[in-house]
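The opening residue of the sequence shown carries number 1 in UniProt numbering; numbering runs sequentially from there.
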Amino acid sequence: MDDKEKDLETIGNKKYNELKKEYPGISSVSATNTSTFKVYGATNNLLKLKKDGLKKELKPSLESDGDGTPYLLLK
Numbered sequence: 001m002d003d004k005e006k007d008l009e010t011i012g013n014k015k016y017n018e019l020k021k022e023y024p025g026i027s028s029v030s031a032t033n034t035s036t037f038k039v040y041g042a043t044n045n046l047l048k049l050k051k052d053g054l055k056k057e058l059k060p061s062l063e064s065d066g067d068g069t070p071y072l073l074l075k
């Protein structure tokens with residue numbers, strides 16, 4: 001794992017800890033870059049986070065990865 005991957009993992013873990021407090025159904029967060037995150041978890045929590053993100057003028061979108069697992073993309 002190179003330094004960039006380690007940095008993204010650290011950023012994702014920080015965002016996970018931040019979101020887990022308000023959205024307990026969140027199972028994981030991965031950072032695709034320093035300001036874009038894939039948030040995995042229970043659909044009801046993802047939908048609530050999407051709604052809350054829109055209020056905060058973020059650009060959330062509900063998507064799914066290659067195997068059909070839903071996630072919320074937060075920008």
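Note that CB positions come from ideal geometry on N, CA and C, so glycine has one too.
Return the bridge partner residues of residue i from the DSSP annotation.
i: Thr-36; result: Asn-33
i: Ile-26; result: Gly-41
i: Tyr-71; result: Tyr-40, Glu-63
Please confirm whether residue i and residue j have their CB atoms less than 7 Å apart.
i: Leu-8; j: Val-39; result: no
Using only the alpha-carbon positions, how far apart do residue i and residue j sit?
i: Lys-20; j: Pro-60; result: 17 Å
i: Ser-35; j: Glu-5; result: 14 Å
i: Pro-70; j: Asp-3; result: 28 Å
If I measure Cβ to Cβ from residue i and keep anything under 7 Å in the same chain, skipping five residues before and after, which residues do I get?
i: Leu-72; result: Val-39, Leu-46, Leu-49, Lys-50, Pro-60, Leu-62
i: residue 79; result: Because the chain in this structure spans residues 1 to 75, residue 79 falls outside the shown range and cannot be described.
i: Asp-65; result: Tyr-71
Please work out which residues of its chain come closer than 6 Å, Cβ to Cβ, to residue i, disregarding the five sequence neighbours upstream and downstream, and give them in chain order.
i: Tyr-23; result: Asn-45, Leu-49
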